[in-house]
Amino acid sequence: MRKTRRFIFLVLAVLVLTMGIAAVSAANLPQAGDDITVGAQLYDKWYARLGVESPQGNHPIWERQTTNTRSGPETWRCAECHGWDYQGAAGAYGIGTSHYTGFPGVFVLAERLSEEEIIAHLNGEIDPLHDFSNLMDERSLRQLATFLKNGLIDDREFIDPVSLRAIGGDTENGKRRYETVCAACHGLDGQTLALKSDGIDQGLGDVASNDPYRFLHRSRFGVAGVVMPIGRDLGWSTEDSRDVLAYVQTLPKRVGQPVPAGVGAASEPAPQVGGPGTSVFDGILAGLGVFFGMFGMSLLFGLGFVAFLGAIVFLLRKRR
Ligand code: HEC
Ligand code: HEC
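Position 85 of the sequence shown, counted from 1, bears residue number 85 in the numbering used here, the numbering being contiguous throughout.
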């Protein structure tokens, strides 16, 4: 009898241990997020999301245009050809902007196509040069299609194309969310991290005002290759992200200064209330908070399970 009991305990112990390990490693995945979020980050910069080298040279389709003079890795990004507003040349990357390529958007089409048909556009079945299947695996192509099918929004509902201001934003809601989650790294004034864009050092306020489309996409889905809280994972609606955009647009701008080559991001912490030391500390705390939040949940789950098993064993023993 005692042997059987020992055996049961052993089995239970192994079970609980494996569950614990599974739960912890799930919580510990370096890049979390559901398929829509992953797809959105692939759209942002697929090689950063996948942690691979970007291809050499320009994307072959790039040669079909001459108006956008960027070159190299950027020409391989979905966002560079199709826009942060998913409207391509019909949207913010329209004629007259430095991003203009004349390439179509994905918004209207993605609405009409099935995921399978979108994948056909991604593996070169429609246009042999538009083939990404040798650069990423099938799962990534599917995640891209899932994002295009289910994650796109019509930015014209959220951002005024002329003033570039958020439409109908609730800045109180935006401020509260920004200050509880985002300020830990970006600072209350949005200036703590230097964000480089086309060689210019920007604060978050500049990005929100200059490229609200990129801001909205990234506050909803995070930034590919960067450890940062993701609006969608925090349960934020698109409206919440829009409200944060509206609030960040009110933050002070850093007058765009060209960055000398070799100077790293965040090299000049802006003086601010609380001091830079505190905000770095806050950032670490926020990171730890997220990690232990998930870890704690797994632990609670595991403990609950152990308690449950304990109760059963206890009852069985009592019966005997
Ligand atoms: C170098 C520019 C370029 C890049 C990078 C690029 N595309 Fe395209 N894409 C195009 C062009 C041009 C078309 C339309 C003609 C064609 O299919 O070649 C297109 C068509 C599409 C279509 C069909 C929609 C339509 O209106 O024809 C989808 C969907 C699409 N691309 C998604 C993506 C995704 C997702 C990525 C990133 C993995 C991506 N594209 C990267 C240029 C690009
Ligand atoms: C853990 C630190 C951290 C937190 C918290 C954080 N960010 Fe970030 N954020 C970063 C880093 C790092 C970058 C990339 C900096 C770079 O490009 O060098 C970044 C970049 C961005 C960008 C891209 C800017 C651009 O040039 O496109 C946006 C938008 C952004 N953050 C918004 C937010 C929002 C909104 C929140 C709150 C939900 C937030 N961040 C919270 C660390 C953080």
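The C-beta atom is built at its ideal place from N, Cα and C for all residues, glycine as well.
Could you round the C-beta distance between residue 204 and residue 241 to whole angstroms and report it? I think they count as a contact, below 8 Å.
-> For the purposes of this step, residue 204 is taken as residue 204 along the sequence shown, with counting starting at 1. For the purposes of this step, residue 241 is taken as residue 241 along the sequence shown, with counting starting at 1. In this structure residue 204 is not in contact with residue 241, their Cβ atoms being roughly 13 Å apart against a cut-off of 8 Å.
Segment limits, alpha helix (DSSP H) that includes residue 200 | The sequence position of residue 200 within the sequence shown is 200, counting from 1. Note, residue 200: premise wrong, no alpha helix (DSSP H); beta strand (DSSP E) at 200–202.
If you check the beta carbons only, do residue 326 and residue 105 fall under 9 Å apart?
-> Given a span of 1 to 320 for the chain in the structure shown, any question on residue 326 remains unanswerable.
Specify, as a first and last residue, the run of the beta strand (DSSP E) that residue 195 falls within.
-> As a position in the sequence shown, residue 195 is number 195, starting the count at 1. Per DSSP, residue 195 belongs to the beta strand (DSSP E) from 195–197.
Residue 160 (DSSP reduced to helix, strand or coil) = Position 160 of the sequence shown, counted from the first residue, corresponds to residue 160. It is coil, neither helix nor strand.
Express the C-alpha separation of residue 317 and residue 144 in angstroms, rounding to a whole number.
-> Along the sequence shown, read from residue 1 onward, the residue named residue 144 stands at position 144. Along the sequence shown, read from residue 1 onward, the residue named residue 317 stands at position 317. Cα-Cα distance, rounded: 54 Å.
Between residue 132 and residue 122, which are expected to be in contact by the criterion C-beta below 8 Å, what is the C-beta distance as a whole number of angstroms?
-> On the sequence shown, residue 132 is found 132 positions in, with the first residue counted as 1. On the sequence shown, residue 122 is found 122 positions in, with the first residue counted as 1. Contact flag correct, Cβ pair sits at about 5 Å.
Candidates 59, 48, 169, 5, of which the one nearest residue 250 by Cα = Within the sequence shown, residue 250 is the residue found at index 250, counting from 1. Among 59, 48, 169, 5, the Cα nearest to that of residue 250 belongs to 169.
Is residue 127 near ligand 1, with its Cβ less than 8 Å from a heavy atom?
-> On the sequence shown, residue 127 is found 127 positions in, with the first residue counted as 1. Within the cutoff, so yes.
Where does residue 134 fall in DSSP's three states?
-> Counted from its first residue, the sequence shown places residue 134 at position 134. Reduced to three states, the DSSP call for residue 134 is coil.
Beta-carbon contacts of residue 60 that lie in its chain and below 8 Å, excluding the five residues immediately before and after | The residue labelled residue 60 in the question sits at position 60 within the sequence shown. Excluding the 5 residues flanking it on each side, residue 60 has same chain C-beta neighbours closer than 8 Å at 129, in chain order.
Identify the continuous alpha helix (DSSP H) that holds residue 191 and give its terminal residues.
-> Reading the sequence shown from its first residue, position 191 is the one you call residue 191. Here residue 191 belongs to no alpha helix (DSSP H), and DSSP marks it neither H nor E.
Sorted by chain position, which residues of the same chain lie with C-beta nearer than 6 Å to residue 219's C-beta, five sequence neighbours on each side aside?
-> Taking the first residue of the sequence shown as 1, we reach residue 219 at position 219. So the qualifying residues of the chain are 231, 241, 244.
From residue 201 to residue 194, what distance separates their C-alpha atoms?
-> The residue labelled residue 201 in the question sits at position 201 within the sequence shown. The residue labelled residue 194 in the question sits at position 194 within the sequence shown. If I take the Cα positions, the gap works out to 6 Å.
Which term fits residue 56, buried or exposed, when burial requires 16 or more other beta carbons within 10 angstroms of its beta carbon?
-> Reading the sequence shown from its first residue, position 56 is the one you call residue 56. Classification of residue 56: exposed, given that the 10 Å Cβ count is below 16.
Alpha carbon to alpha carbon, how far is residue 309 from residue 238?
-> Residue 309 sits at position 309 when you count from the first residue of the sequence shown. Residue 238 sits at position 238 when you count from the first residue of the sequence shown. Cα to Cα, residue 309 sits roughly 42 Å from residue 238.
Report the three-state DSSP secondary structure of residue 55 (helix, strand or coil).
-> Along the sequence shown, read from residue 1 onward, the residue named residue 55 stands at position 55. Looking at residue 55 - three-state DSSP - the assignment turns out to be coil, as it is neither helix nor strand.
Classification of residue 234 by the beta-carbon crowding that lies within 10 angstroms, buried from 16 upward = Looking up residue 234 in the sequence shown gives position 234. Counting other Cβ atoms within 10 Å of its Cβ, residue 234 stays below 16 and is therefore classed as exposed.
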